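Undergrad: Position 184 of the sequence shown, counted from 1, bears residue number 184 in the UniProt record's numbering, the numbering being contiguous throughout. Just so it is clear, CB atoms sit at the ideal spot from N, CA and C, and this is done for glycine as well. Quantities reported herein were computed from a predicted structural model and do not represent experimental measurements.
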Amino acid sequence: MVEFFSEKIVKVEFSAIPERDVILPPLSSKVVKNLILSSKLLPSISNLVKSGMKNKPIFISNLGKNGFRLFSTGKPVSVKAGEILNFFISFPYYDGFFTELSSGSFETGYGKFFIELQQLEVIELSSIKGVSEGNFYVKFVTPALLSSKVLLPPSLKEKYKNVNPGYSLIPSVGLIVSYAYRAYRALYGNTSNIELDLKSFRLGVLSNSLSRVIGYKLKPLTVVIGNDDKGRLRTSRGFVGWMEFDIPYKKLKKAISKYLTVASYLGIGKSRGIGLGEVVVKMKSYSETSET
Numbered sequence: 001m002v003e004f005f006s007e008k009i010v011k012v013e014f015s016a017i018p019e020r021d022v023i024l025p026p027l028s029s030k031v032v033k034n035l036i037l038s039s040k041l042l043p044s045i046s047n048l049v050k051s052g053m054k055n056k057p058i059f060i061s062n063l064g065k066n067g068f069r070l071f072s073t074g075k076p077v078s079v080k081a082g083e084i085l086n087f088f089i090s091f092p093y094y095d096g097f098f099t100e101l102s103s104g105s106f107e108t109g110y111g112k113f114f115i116e117l118q119q120l121e122v123i124e125l126s127s128i129k130g131v132s133e134g135n136f137y138v139k140f141v142t143p144a145l146l147s148s149k150v151l152l153p154p155s156l157k158e159k160y161k162n163v164n165p166g167y168s169l170i171p172s173v174g175l176i177v178s179y180a181y182r183a184y185r186a187l188y189g190n191t192s193n194i195e196l197d198l199k200s201f202r203l204g205v206l207s208n209s210l211s212r213v214i215g216y217k218l219k220p221l222t223v224v225i226g227n228d229d230k231g232r233l234r235t236s237r238g239f240v241g242w243m244e245f246d247i248p249y250k251k252l253k254k255a256i257s258k259y260l261t262v263a264s265y266l267g268i269g270k271s272r273g274i275g276l277g278e279v280v281v282k283m284k285s286y287s288e289t290s291e292t
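1. Which residues bound the beta strand (DSSP E) around ASN164?
2. Give the secondary structure of THR292 by DSSP, where H, G and I count as helix, E and B as strand, and everything else as coil.
3. Going by beta-carbon coordinates alone, are GLY204 and GLY166 separated by less than 7 Å?
4. ARG69 to GLU278, Cα distance in whole Å?
5. Which partner residues does LYS112 have in the DSSP bridge list?
6. In the structure shown, what three-state DSSP assignment does ALA81 receive?
7. Look at the alpha carbon of ARG272 and the alpha carbon of PHE14, and state the distance between them as a whole number of angstroms.
8. Assuming PRO57 contacts ALA183 under a Cβ cut-off of 8 Å, what Cβ separation, rounded to an integer in Å, is found between them?
9. For GLY96, is the classification buried or exposed, using 16 other Cβ atoms within 10 angstroms of its Cβ as the cut-off for buried?
10. Hey, residue 296 and ILE274 are a contact pair by Cβ (cut 8 Å); roughly how many whole angstroms apart?
11. I believe VAL79 touches LYS65 by the beta-carbon criterion, under 8 Å. Please report the beta-carbon distance rounded to the nearest angstrom.
12. Which two residues bound the contiguous alpha helix (DSSP H) that contains VAL31?
13. Return the CA-CA distance between PRO154 and SER192, expressed in angstroms with no decimal places.
14. With three or more C-beta pairs closer than 8 Å as the rule, is the segment 238-252 touching the segment 131-150?
15. Taking VAL49 as part of the alpha helix (DSSP H), name the residues at either end of that continuous run.
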């Protein structure tokens with residue numbers, strides 16, 4: 001049995017070439033998920049993929065083409081035979097994972113693809129150094145699903161457990177940081193505990209109180225998830241775009257930089273296991289200006 005808590009993260013990048021014209025599932029990450037669950041690729045992480053564990057430490061990206069991820073916002077997404085696509089999977093390190101990195105032609109429930117390993121990275125959490133200079137620049141590549149209930153004080157959690165506010169389309173700095181922290185902590189073990197809820201809440205409040213938003217360009221986006229058991233279309237509404245912010249308090253900034261670095265591998269928010277909440281994080285010098 002593989003233990004899925006580790007102080008190392010593995011990120012594996014692949015290319016995927018369809019051998020015939022195919023219509024992709026609404027979330028193209030389901031092609032990758034199919035490869036894992038059918039034991040064609042990294043079979044040992046299949047239990048983690050299927051797990052209902054809260055904040056599980058895994059990210060399966062959607063297929064990408066020409067710098068964009070492929071997912072449906074209402075219309076079917078198709079690709080032609082021979083087009084070069086890409087995807088990545090991030091997960092906690094475990095012994096022997098390298099022997100499970102297959103290349104070759106594999107049949108999936110969505111067509112036949114030639115899969116080839118492109119790049120492999122192993123990151124030790126202890127090697128992630130905090131950064132105390134510059135602004136945080138976070139790009140939301142695929143819709144991020146962030147619930148504002150994460151910022152509820154733990155003492156009020158039970159009182160409002162039946163209230164569903166949906167997902168925030170204009171995220172606060174504290175909301176982003178709180179979710180990044182949860183992804184970071186998931187690498188160390190179970191995140192369903194009052195201690196983590198309290199730390200996450202305090203971190204969110206501090207980040208909101210001690211931050212300065214420099215610029216942003218965000219837009220809401222509805223993504224099709226698939227069909228439910230009764231054949232009805234399932235959708236989720238999140239946001240994409242970018243945000244730039246600063247944390248003048250250097251001790252807090254160093255901690256946040258570690259959490260956001262982990263988020264660049266494991267994503268932010270809910271449904272990271274199907275490719276939502278993919279982010280790119282970098283530091284911008286104070287002399288640089290925001291994108292327009």
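TA: To lay it out plainly:
1. For this step, residue 164 is matched to residue 164 along the sequence shown. It is not in any beta strand (DSSP E) - ASN164 carries neither H nor E in the DSSP assignment.
2. Translated into the one-based positions of the sequence shown, residue 292 becomes position 292. Only weak support is given to the placement of THR292: the predicted model assigns it a pLDDT of 46, under 50, and the question is left unresolved by the model.
3. Reading the sequence shown from its first residue, position 204 is the one you call residue 204. Reading the sequence shown from its first residue, position 166 is the one you call residue 166. No, these two residues do not count as a Cβ contact at 7 Å.
4. Taking the first residue of the sequence shown as position 1, residue 69 is located at position 69. Taking the first residue of the sequence shown as position 1, residue 278 is located at position 278. So the alpha carbons of these two residues sit roughly 10 Å apart.
5. Residue 112 sits at position 112 when you count from the first residue of the sequence shown. Under DSSP, LYS112 forms a beta bridge with GLU107.
6. As a position in the sequence shown, residue 81 is number 81, starting the count at 1. Coil, per DSSP.
7. On the sequence shown, residue 272 is found 272 positions in, with the first residue counted as 1. On the sequence shown, residue 14 is found 14 positions in, with the first residue counted as 1. Approximately 18 Å between the Cα atoms of the pair.
8. The residue given as residue 57 occupies position 57 in the sequence shown. The residue given as residue 183 occupies position 183 in the sequence shown. Their Cβ separation, rounded to whole angstroms, is 7 Å, which keeps PRO57 and ALA183 in contact under 8 Å.
9. On the sequence shown, residue 96 is found 96 positions in, with the first residue counted as 1. Around the beta carbon of GLY96, fewer than 16 other beta carbons sit within 10 angstroms, so the residue counts as exposed.
10. An answer regarding residue 296 cannot be provided, because it is not within the stretch 1 to 292 covered by the chain.
11. For this step, residue 79 is matched to residue 79 along the sequence shown. For this step, residue 65 is matched to residue 65 along the sequence shown. That belief holds up - the Cβ atoms of VAL79 and LYS65 are roughly 7 Å apart, short of 8 Å.
12. As a first step, residue 31 must be located in the sequence shown, where it is residue number 31. 29-37 is the extent of the alpha helix (DSSP H) around VAL31.
13. Position 154 of the sequence shown holds residue 154. Position 192 of the sequence shown holds residue 192. Approximately 12 Å, taken between the alpha carbons.
14. Yes: the two stretches touch, three or more of their Cβ pairs being nearer than 8 Å.
15. Within the sequence shown, the letter at position 49 stands for residue 49. Its alpha helix (DSSP H) spans residues 46-50.
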